[in-house]
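Enquirer: Here it is, the structure, as structure tokens.
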Amino acid sequence: GEIATNEYMKHSQKNWIKFVRKLVVLYNDYLKREKQHLSQELRRFLKSTIEMIILARNTDFEQLCNEYSNGYTGWGISIIDNIEVYPKGLEKIFPIETKQLKERALKVLSAYFNSFSKILPNKILVGISFDYIGF
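So for the sequence shown, the working numbering puts the first residue at 50; every next one is plus one.
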């Protein structure tokens, strides 16, 4: 965490978000040009950058996605700070990771619930279930 924080602090939050936006533009450009190897290498770099930002800021992927889009929810490409911003840009690049993250979180919560249910009296846990939690 300390290394990520030190690297992150070298630039402003706004500049990091701009950098992520530019990486997404470049990634999509490589995809359009059918440069699969370059797009996959850039995807790995983008993922490392995102993980560093999340770790340094103690935030989550969803929050970073919101900052990336700056609240934009339209269907077409938007321009923010003279950079193209794709709708759900990060979520589309990392759909499997997003789904896996949510599934892992649900499994962990469920495991904690099950271990607590063995310790705590039943009347405390009445009506609590993780079956309905929607991610």
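All C-beta atoms in this analysis are idealised placements derived from N, C-alpha and C, irrespective of residue type, glycine included.
Note that this is a predicted model, so its numbers are computed, not measured.
In three-state terms, what does DSSP make of GLU90?
Expert: helix
Enquirer: Within a Cβ cutoff of 8 Å, which residues of the same chain sit near TYR121, ignoring the five residues on either side of it in sequence?
Expert: SER127, ILE129, VAL134, PRO136
Enquirer: Enumerate in chain order the residues of its own chain whose CB-to-CB distance from ALA105 is below 6 Å, with the five nearest sequence positions on each side excluded.
Expert: ALA53, THR54, TYR57
Enquirer: Would a C-beta distance cut-off of 8 Å place ILE103 and LEU113 closer than the cut-off?
Expert: yes
Enquirer: Between VAL73 and ILE142, is the Cβ-Cβ spacing less than 8 Å?
Expert: Yes; because the gap between Cβ atoms is below 8 Å, this pair is in contact.
Enquirer: Going straight from the alpha carbon of ALA160 to that of ARG82, what length do you get?
Expert: 45 Å
Enquirer: Please report the distance separating the alpha-carbon of PHE110 from that of LEU91.
Expert: 18 Å
Enquirer: Taking Cβ positions, are TYR76 and SER61 nearer each other than 8 Å?
Expert: Cβ distance not < 8 Å, so TYR76 and SER61 don't count as in contact.
Enquirer: Would you report the Cα separation of LYS59 and TRP65, rounded to the nearest angstrom?
Expert: 10 Å
Enquirer: On the DSSP bridge assignment, give the partners of SER127 in chain order.
Expert: VAL134
Enquirer: For the alpha helix (DSSP H) that THR54 lies in, which residues bound it at each end?
Expert: 51-57
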